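Quick notes on the structure that follows.
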Amino acid sequence: MHAIVVSRPGGPEVLEWREVPDPRPAPGELVITVAAAGLNRADLLQRQGHYPPPPGVSQVPGLECSGVVSEVGENVVGFAPGDEVCALLAGGGYAEKVAVPWEQVLPVPEGISTVDSAALPEVACTVWSNVFMGARLRRGETLLVHGGGGGIGTFAVQLAKALGSRVVVTAGGPDKVARCLALGADEAIDYREQDFAETVTADVVLDVIGAKYLSKNLSVLRTGGRLAVIGLQGGTRAELDLGMLTAKRATILGTRLRDRPVAEKGAIVRGVRDNVWPLVAGGAVRPVIHTIVPMTEAGEAHRLMESGSHIGKVLLAR
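If you read the sequence shown in UniProt numbering, its first letter stands for residue 1, the second for the next number, and so on.
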């Protein structure tokens with residue numbers, strides 16, 4: 001088969017379409033013939049040499065894909081060749097085929113095309129596991145989402161609104177602010193023009209920035225509030241006011257999805273299938289796709305994501 005290979009750490013030009021060995025399903029795995037793969041910021045870090053795959057995982061980038069089941073290994077439950085699926089991956093999505101544990105595979109939701117469903121697994125699992133399983137956002141509470149115009153942000157807005165929460169987002173520029181409001185956000189703040197910490201109060205914060213926003217995130221939390229840190233675009237080290245943390249009885253969660261054990265990912269995927277997929281099928285939550293780029297032009301897709309001009313997801317299609 002062919003796949004995108006990172007020839008060396010560097011810029012988008014190091015992504016090359018090469019012939020590589022076909023994957024074979026180990027016990028508990030199935031092979032998907034890939035229709036499309038979603039881009040994630042972790043892919044950019046991997047390309048740059050900063051975020052290598054976990055041990056034993058394919059060196060091919062790609063943390064989510066969609067397609068058709070072509071092979072099934074021993075001990076696979078609930079899937080058969082010919083099924084249209086999408087999947088959460090630890091790597092390998094930028095390829096013609098990928099092997100994945102069956103626990104991390106989802107049926108394509110009703111009403112969504114197979115290609116478009118590649119935009120869902122990573123964002124759905126990230127938002128469900130952090131906002132709802134980890135931070136326990138409840139109906140009537142307020143969620144603050146940073147990076148509201150990105151793939152995770154556009155999904156978090158829709159899901160939290162569908163489940164009865166008030167949603168505030170930060171986003172960069174009027175186009176992204178307008179799109180977040182159109183998706184259902186109750187308030188959208190252009191961080192280039194306004195400091196969110198001056199006006200926002202939240203029960204849960206979903207943060208992709210990290211160190212740069214730590215103090216402000218803590219300051220906007222209500223008593224008993226929860227901060228879920230899932231990205232480090234603004235750095236990895238910051239001072240923490242423990243007095244404020246304890247006074248507010250707040251909780252800070254720091255998580256990564258990629259290197260979790262299969263059993264943990266499987267529990268998240270089951271939660272998504274049971275709680276999120278019905279909302280997608282019913283139209284309350286939809287994938288937001290900025291553009292679809294041929295997989296052989298993955299470098300161009302990376303340049304687009306690095307520019308920050310996209311809204312929602314960028315996909316690679318075969």
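Ideal placement from N, C-alpha and C gives every residue a C-beta, glycine not left out. These numbers were taken from a predicted model, which means no experiment stands behind them.
{"Asked": "Reduced DSSP secondary structure (H/G/I, E/B, other) of H302", "Found": "helix"}
{"Asked": "Alpha-carbon to alpha-carbon, R286 and Y94", "Found": "23 Å"}
{"Asked": "Given 8 Å, three or more beta-carbon pairs between the region 107 to 115 and the region 273 to 284", "Found": "yes"}
{"Asked": "Own chain residues within Cβ distance below 6 Å of N40, not counting five before or after", "Found": "L63, E122"}
{"Asked": "Alpha helix (DSSP H) segments (min. 4 residues) lying fully within the region 94 to 142", "Found": "121 to 127"}
{"Asked": "6 Å Cβ shell around I292 - same chain, five flanking residues per side excluded", "Found": "L315, A317"}
{"Asked": "Candidates V105, L253, T296, of which the one nearest S129 by Cα", "Found": "L253"}
{"Asked": "Extent of the continuous alpha helix (DSSP H) run through P278", "Found": "277 to 281"}
{"Asked": "The region 74 to 91 / the region 44 to 64 touching (three or more Cβ pairs under 8 Å)", "Found": "yes"}
{"Asked": "With 16 other Cβ atoms within 10 Å as the buried cut-off, status of S309", "Found": "exposed"}
{"Asked": "Inter-residue spacing [alpha-carbon to alpha-carbon] between G28 and V69", "Found": "14 Å"}
{"Asked": "Cβ-Cβ separation, S117 to C86 (assumed contact under 8 Å), whole Å", "Found": "4 Å"}
{"Asked": "CA nearest to the CA of D190, picked from Q158, L183, L181, V177", "Found": "V177"}
{"Asked": "Bridge partner(s) assigned by DSSP for V72", "Found": "L30"}
{"Asked": "Cβ pair V168, A188 closer than 9 Å", "Found": "yes"}
{"Asked": "Where I230 falls: helix, strand or coil (DSSP)", "Found": "coil"}
{"Asked": "As assigned by DSSP and simplified to three states, the class of L206", "Found": "strand"}
{"Asked": "C-beta atoms of residue 323 and L221 nearer than 9 Å", "Found": "What the structure shows of the chain is the stretch from 1 to 318, and residue 323 is not part of that stretch, so it cannot be assessed."}
{"Asked": "Minimum C-alpha distance to G184 - residue among A171, I289, T251, L159", "Found": "L159"}
{"Asked": "Cβ shell of V100 (< 7 Å), same chain only, five flanking positions each side left out", "Found": "E29, L30, I32, A87, L89"}
{"Asked": "Runs of alpha helix (DSSP H) wholly within the region 168 to 225 (minimum 4 residues, chain order)", "Found": "174 to 182, 214 to 220"}
{"Asked": "Sequence-distant residues of its chain with Cβ nearer than 6 Å to E297 (five each side left out)", "Found": "none"}
{"Asked": "Limits of the beta strand (DSSP E) - the one that R18 falls within", "Found": "15 to 19"}
{"Asked": "Range covered by the beta strand (DSSP E) that runs through L88", "Found": "84 to 88"}
{"Asked": "V77, buried or exposed, once every other Cβ within 10 Å from all chains shown has been counted against 16", "Found": "exposed"}
{"Asked": "Between the CA atoms of V5 and G73 - distance to the nearest angstrom", "Found": "25 Å"}
{"Asked": "Beta-carbon proximity check, V205 vs L240, cutoff 9 Å", "Found": "no"}
{"Asked": "C-alpha gap between A182 and M305, whole angstroms", "Found": "22 Å"}
{"Asked": "Neighbourhood of L45 by C-beta distance below 7 Å, restricted to the same chain and skipping five residues each side", "Found": "Y51"}
{"Asked": "Whole-angstrom distance between A3 and V14, CA atom to CA atom", "Found": "13 Å"}
{"Asked": "R179, buried or exposed, once every other Cβ within 10 Å from all chains shown has been counted against 16", "Found": "buried"}
{"Asked": "Chain-order list of residues whose beta-carbon lies under 6 Å from that of R303 (same chain, five-residue window excluded)", "Found": "P12"}
{"Asked": "Sheet register partners of P294 (DSSP bridge)", "Found": "A317"}
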